[in-house]
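Quick note on our numbering: the sequence shown kicks off at 93 and runs consecutively. For each residue, glycine too, the CB sits at the ideal point set by N, CA and C. All values reported here derive from a predicted model rather than from experimental measurement. One structure below.
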Amino acid sequence: MRFLLSFTPIIVRAVLHKEFVGLRSDKLLAVSVAVAALTVPVLAQMGGPFPDEQVRKGAAIYSQNCAPCHGPRMMDSQVPVDLRKFPPAEKSRFLASVVKGKNQMPPWGDLFKADEIEALWAYVIAGEKR
Ligand code: HEC
C-alpha cells in the first residue's frame with residue numbers, strides 16, 4: 093500500500109507535468125479515475141478504512157469473547173500476543189488463526205458468521221487506534 097500511495101503524488105505530478113499539457117481534461121480525468129480505481133481496492137485489501145459501524149460491532153464481539161484472554165480494549169493481554177500489533181497485511185493469517193484456532197487459542201469458526209469475523213478484523217486493525 094505504501095508503495096502505491098507514495099507513487100500516487102508522482103503520477104499526479106506527471107499528469108500535471110508539461111508533457112501532458114497537450115492532453116484534454118477528460119483524458120486527465122480518466123487517468124485520475126484509473127489511479128483511484130487502482131488505489132481503493134489495495135486500501136481495502138490492506139485492511140482499512142473500515143466503517144465505524146463495523147468496528148463497533150467487532151468491538152462488541154471482542155469484549156464478550158476475546159477480552160478474557162487478549163485484555164479489555166486489546167490492552168493488558170493475558171496471553172503473549174498483542175493484537176494491537178497484528179500486521180494489517182496478514183488478514184489471511186488472522187482469519188485462519190481465528191477460524192481454526194492456534195495452539196492455546198480455541199477455534200471460533202463455528203461460533204461466528206463470516207461477517208462477524210470480518211467485524212473482528214476491522215476492530216483489531218482499526219479499533220483502538222482511532
Ligand atoms: C482462551 C484464551 C483466548 C481467547 C478467548 C481468545 N484468544 Fe486469541 N489467542 C490466544 C492465545 C494463547 C494466542 C497465542 C497463540 C499462539 O501463537 O501460540 C492467541 C492468538 C491470537 C491471534 C494471533 C494469531 C496468529 O496468527 O499469530 C489472534 C489474531 C487472535 N488470537 C484473535 C482472537 C480473537 C479475535 C478472539 C475472540 C474471538 C480471541 N483471539 C480469543 C488465546 C485466546
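Could you give the uninterrupted runs of the beta strand (DSSP E) lying entirely in the region 142-218, keeping only those of 3 residues or more? Correct list: empty.
Does the ligand HEC have a heavy atom nearer than 6 Å to the CB of residue 184? Start at 1 with the first residue of the sequence shown, and residue 184 comes out as number 92. Not a single heavy atom of the ligand HEC lies less than 6 Å from the C-beta of residue 184.
Is it the case that the Cβ atoms of residue 170 and residue 161 are separated by a distance below 7 Å? Numbered from its first residue, the sequence shown carries residue 170 at position 78. Numbered from its first residue, the sequence shown carries residue 161 at position 69. Result yes, Cβ atoms of residue 170 and residue 161 sit closer than 7 Å.
Distance CB(residue 147)-CB(residue 214) smaller than 7 Å: Walking along the sequence shown from the start, residue 147 turns up at place 55. Walking along the sequence shown from the start, residue 214 turns up at place 122. Closer than 7 Å, so yes.
Tell me whether residue 122 is buried or exposed, calling it buried when 16 or more other Cβ atoms sit within 10 Å of its Cβ. Residue 122 sits at position 30 when you count from the first residue of the sequence shown. When all chains shown are included, residue 122 counts as exposed.
For residue 169, verify whether its CB is less than 6 Å away from any heavy atom of the ligand HEC. Sequence index remark: in the sequence shown, residue 169 carries index 77 (1-based). Flag unset: Cβ of residue 169 not near the ligand HEC.
Expressed to the nearest angstrom, what Euclidean distance is found between the alpha-carbon atoms of residue 190 and residue 201? As a working note, residue 190 is residue 98 in the sequence shown. As a working note, residue 201 is residue 109 in the sequence shown. Their backbone Cα atoms lie some 7 Å apart in a straight line.
Compute the minimum distance between the beta carbon of residue 156 and the heavy atoms of the ligand HEC, and state whether it is under 6 Å. Numbered from 1 along the sequence shown, position 64 holds the residue referred to as residue 156. Residue 156 Cβ: outside cutoff for every heavy atom of the ligand HEC.
When we look at the beta-carbon of residue 212 and count the other beta-carbons within 10 Å, is it buried (16 or more) or exposed? For the purposes of this step, residue 212 is identified with residue 120 of the sequence shown, where counting begins at 1. So residue 212 counts as buried.
Nonlocal neighbours in the same chain, by C-beta distance under 6 Å from residue 142, ignoring five residues either side: For the purposes of this step, residue 142 is taken as the residue at position 50 of the sequence shown. Correct list, in chain order: 214 and 218.
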